[in-house]
Amino acid sequence: MADINSLMDPAPAHAATAVEDGAAALPLVDFIELLFFAYRDFVGDPDQILAPIGFGRAHHRVVHFVNRHPGMRVTDLLDILRITKQSLGRVLRELVDEGFVESRAGSSDRRQRLLFPTAKGEALARQFVGLQSRRMATALEASGPDGREAVQRFLLAMIDPEDRAAVERLIERADRAARARPA
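FYI, the numbering for the sequence shown is 1 to 183, going by full-length UniProt numbering.
1) Kindly indicate the opening and closing residues of the beta strand (DSSP E) around residue 105.
2) Whole angstroms are fine: how far does the CA of residue 108 sit from the CA of residue 62?
3) According to DSSP, is residue 55 part of a helix, a strand, or is it coil?
4) Tell me which same chain residues have a C-beta within less than 7 angstroms of the C-beta of residue 56, skipping the five on either side of it?
5) Straight-line CA distance for residue 158 to residue 146?
6) With which residues is residue 73 paired in a DSSP beta bridge?
7) Please report the straight-line C-alpha distance between residue 74 and residue 106, rounded to a whole angstrom.
8) Look at the Cβ atom of residue 115, then the Cβ atom of residue 77, and state whether they are nearer than 8 angstroms.
9) Could you give the residue range of the alpha helix (DSSP H) that holds residue 159?
10) Using C-beta distances below 8 angstroms, list every residue in its chain close to residue 101, excluding the 5 sequence neighbours before and after it, in chain order.
11) Give a yes or no on whether the C-beta atoms belonging to residue 135 and residue 36 are separated by under 8 angstroms.
12) Leaving out five residues before and five after residue 148 in sequence, what residues of the same chain have Cβ atoms less than 7 angstroms from its Cβ?
13) Between the alpha carbons of residue 123 and residue 155, how many angstroms are there, rounded?
14) What number of angstroms, rounded off, separates the C-alpha of residue 176 from the C-alpha of residue 165?
15) Note down, in chain order, each residue of its chain lying with its Cβ closer than 7 angstroms to the Cβ of residue 69, except the 5 sequence neighbours on either side.
16) Contact check, residue 128 vs residue 52 under 8 angstroms by CB: the rounded distance?
17) If you draw a straight line from the alpha carbon of residue 99 to that of residue 28, how long is it in whole angstroms?
18) If we ignore side chains and look at the alpha-carbon of each, how far apart do residue 87 and residue 38 end up?
Spelled out as structure tokens, the structure:
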């Protein structure tokens, strides 16, 4: 198989690998590629668990967020995932049919759909979190003593500024609820 790099015309160095930042140019293409590869491997572990049951990355994301936020509304999940109602509907139907997620009517508004993980869904989410936590812990350890804080700042800064506070609140709320649940 031919090396993909030999098939492309080289672009000017400053156009392909840098963004002007005042007087200095930053080689961001390297970081973009690293992010692609890191994401590929980060989600690849759960992909191997999901493939035999016919599920994909959308199923992973739904199981993750429903497990982290039991009782969340379907509309909140749509806001988090930024996917269409039609796409979510197909994935949710499959997760409900296979016994990973339960959909219940809201207590105050019966039209509202609340999502809960089943015991099977919780076990699957724990598998994903275990695999991904080990991968992240290894990477953070290799990043040095301030790696965790630096990576956290970086990832938060990658989120659109108008969404950062909401994401931080969402994570903190799920962390508080997880600490309050019996072990």
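Backbone N, C-alpha and C define an ideal beta-carbon position, used for all residues, glycine too. Everything numeric in this text was worked out from a predicted model, so none of it was measured.
According to the data block:
1) 101–105
2) 24 angstroms
3) coil
4) 50
5) 18 angstroms
6) 114
7) 11 angstroms
8) yes
9) Here residue 159 belongs to no alpha helix (DSSP H), and DSSP marks it neither H nor E.
10) 62, 63, 66, 92, 95, 115, 116, 117, 118 and 121
11) no
12) 140
13) 27 angstroms
14) 16 angstroms
15) 174
16) Not confirmed; about 14 angstroms, so no contact.
17) 43 angstroms
18) 26 angstroms
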